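Numbering (this note's numbering), first residue to last: 19 to 106. A virtual CB, placed ideally from N, CA and C, is assigned to each residue, including glycine. Here the structure is a predicted model, which means the values were calculated and not measured. Everything below concerns the one structure shown next.
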Amino acid sequence: MQSGFSRRAEHPVTQVVEHVMAVIADDAASLLTGEQAPQLAPCEADPCQRFFVRTHARRQWCSTRCGDRVRAARAYTRKRSLHNAQTV
Ligand SMILES: [Zn+2]
């Protein structure tokens, strides 16, 4: 039994937020314990910290945006090293 002042979450917005958080937690628990759990993989694009469900074996990135960023960085590095090799 509580004594003194107490605070209860009764505001409708708070109830909605708590419901949404519970749904997200339930989805996360289902994903982490379900059939797709072994397919979970971290995105290989630095500094992205997302995880994704590896839908095919060679997939490395969580989104095309991360993939494009890695490919662009690779191309820039390649172009730069080529340029440096020519000027030396
Ligand atoms: Zn990513």
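- CA-to-CA distance, Ala43 to Ser24, given in whole angstroms: Roughly 26 Å separates the two Cα atoms.
- Any heavy atom of ligand 1 closer than 6 Å to the Cβ of Ala43? No, the beta carbon of Ala43 sits no closer than 6 Å to any heavy atom of ligand 1.
- Item | Close Cβ partners of Ala46 (< 7 Å) along its chain, the five nearest in sequence each way excluded | Exclusion of the five residues before and after Ala46 leaves no residue of its chain whose Cβ lies closer than 7 Å to its Cβ.
- Message: What does the alpha-carbon distance come out to for the pair Val41 and Glu28?
- Response: Those two C-alpha atoms are separated by around 18 Å.
- Those residues which DSSP pairs with Leu50 across a bridge: DSSP, once it has assigned bridges, lists no residue as partnering Leu50.
- Beta-carbon separation (whole angstroms), Cys84 vs Ala103, contact threshold 8 Å: Cys84 to Ala103, Cβ: 29 Å. No contact.
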